[in-house]
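Visitor:
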Amino acid sequence: GAVVSQHPSWVICKSGTSVKIECRSLDFQATTMFWYRQFPKQSLMLMATSNEGSKATYEQGVEKDKFLINHASLTLSTLTVTSAHPEDSSFYICSGRGPSSYEQYFGPGTRLTVT
Amino acid sequence: AQSVAQPEDQVNVAEGNPLTVKCTYSVSGNPYLFWYVQYPNRGLQFLLKYITGDNLVKGSYGFEAEFNKSQTSFHLKKPSALVSDSALYFCAVNMDSNYQLIWGAGTKLIIKP
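Protein chains in written order, with the numbering used here: chain A, 850 to 964; chain B, 691 to 803.
(1) Quick one: does I741/B have its CB under 9 Å from some CB of chain A?
(2) Does the Cβ-Cβ distance between L895/A and F877/A come in under 9 Å?
(3) Is the CB-CB distance between G686/B and S770/B below 9 Å?
(4) Using 9 Å as the threshold, is the C-beta distance between V717/B and I792/B below it?
(5) In or out: G719/B buried (at least 16 other Cβ within 10 Å) or exposed?
(6) Name the residues in the stretch 770-796 of chain B whose C-beta lies less than 7 Å from a C-beta of chain A; which are they?
(7) Is DSSP giving V747/B helix, strand or coil here?
(8) Taking only beta-carbon positions, decide if Q735/B is within less than 9 Å of chain A.
(9) If you draw a straight line from the alpha carbon of Y740/B to that of V911/A, how long is it in whole angstroms?
(10) Quick one, which residues of the stretch 927-948 of chain A are near chain B if we go by CB-CB under 7 Å, in chain order?
(11) Is the Cβ-Cβ distance between Y729/B and L778/B less than 9 Å?
(12) In whole angstroms, give me the CA-to-CA distance for L875/A and S854/A.
(13) Identify the contact partners of Q878/A in chain B, using a Cβ-Cβ distance below 9 Å as the criterion.
(14) Can you list, in chain order, the residues of its chain with a C-beta nearer than 7 Å to that of H934/A? Leave out the 5 residues immediately preceding and following it.
(15) Among the residues of its own chain, which have a CB less than 6 Å from the CB of P957/A, if the five just before and after it don't count?
Shown next as structure tokens:
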């Protein structure tokens with residue numbers, strides 16, 4: 850099946866710093882990539898949808914200047930959490946969708962802890 | 691409003707018994723339905739999907755789900771549960787041309803030896 854990787858798998862950063870999370874589709878071209886946030890024991894919350902070469906579409910309530918998403922190629926999307934605060938601590942998951950697929954293929958997630 | 695409901699926060703089943711994890715949906719048009727499983731501190735793994743065709747869909751790890759249009763349900767089932775099936779299960783429906791998924795709240799499945 851299609852494989853999506855995320856890097857890093859976990860990261861600890863200090864409040865006020867920025868952290869970048871990479872999402873790569875390893876064996877398919879991801880026309881669309883999605884970024885989710887998941888709080889403990891809760892469902893996934895869609896943060897934004899990005900199509901390759903276009904600006905990301907952010908969900909209501911998600912600050913686009915704080916969560917910068919870049920989808921520069923069909924195999925790479927990045928999420929940068931700028932000026933991180935402890936409340937940004939969460940599990941971030943990306944997924945990719947191929948050009949003719951209804952399925953989303955998920956990365957293993959990144960655990961972000963802001964101290 | 692379009693939504694997906696998983697009415698049970700947790701399901702407990704003894705190993706070897708059949709299991710059912712419930713999912714109902716409320717959408718306009720024809721839904722594309724999915725089940726995903728999540729193990730602790732891991733991303734989601736695809737189990738199965740219904741797009742069209744046979745209402746009974748077979749997926750990974752011996753799971754299956756039945757699409758019931760009249761009841762707007764897509765319950766996940768397995769004839770004989772394994773302890774290793776213990777995980778968090780999410781039902782989702784695909785809605786628009788951008789292929790965004792609407793997610794259920796998740797059901798924690800606990801299989802006891």
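Heads up, the beta-carbon is just placed ideally off N, CA and C, and yes, glycines get one too. Since the structure is predicted, the reported quantities are computational estimates derived from the model, not experimental observations.
Guide: Taking the coordinates as given:
(1) Within the second sequence, numbered from 1, the residue matching residue 741/B stands at position 51. Yes, I741/B counts as interfacial toward chain A.
(2) Translated into the one-based positions of the first sequence, residue 895/A becomes position 46. Translated into the one-based positions of the first sequence, residue 877/A becomes position 28. It is not a contact, given that the beta carbons lie outside the stated cut-off.
(3) There is simply no residue 686/B to check, as chain B begins at 691 and stops at 803 in what is shown.
(4) As a working mapping, residue 717/B is identified with position 27 in the second sequence. As a working mapping, residue 792/B is identified with position 102 in the second sequence. Result yes, Cβ atoms of V717/B and I792/B sit closer than 9 Å.
(5) Here residue 719/B refers to the residue found at position 29 of the second sequence. By the 10 Å Cβ count, G719/B comes out exposed.
(6) F780, N784, N788, Y789, Q790, L791, W793, G794, A795 and G796
(7) Locating residue 747/B in the second sequence gives position 57, where the first residue counts as 1. Of the three classes helix, strand and coil, the one that applies to V747/B here is strand, per DSSP.
(8) Counted from its first residue, the second sequence places residue 735/B at position 45. Yes - at least one Cβ of chain A is within 9 Å of the one on Q735/B.
(9) As a first step, residue 740/B is located in the second sequence; it is residue number 50 there, counting from the start. As a first step, residue 911/A is located in the first sequence; it is residue number 62 there, counting from the start. Cα-Cα distance, rounded: 31 Å.
(10) I942 and R946
(11) Walking along the second sequence from the start, residue 729/B turns up at place 39. Walking along the second sequence from the start, residue 778/B turns up at place 88. With respect to the 9 Å criterion, Y729/B and L778/B are classified as neighbours on the basis of their beta carbons.
(12) Numbered from 1 along the first sequence, position 26 holds the residue referred to as residue 875/A. Numbered from 1 along the first sequence, position 5 holds the residue referred to as residue 854/A. Rounded to whole angstroms, L875/A to S854/A spans 7 Å at the Cα level.
(13) Sequence index remark: in the first sequence, residue 878/A carries index 29 (1-based). Going along chain B, no residue has its Cβ under 9 Å from Q878/A, so there is no contact; the nearest lies around 15 Å.
(14) In the first sequence, the residue the question calls residue 934/A occupies position 85. Excluding positions up to five away in sequence, the list reads S864 and V963.
(15) Position 108 of the first sequence holds residue 957/A. Cβ within range, chain order: Q855.
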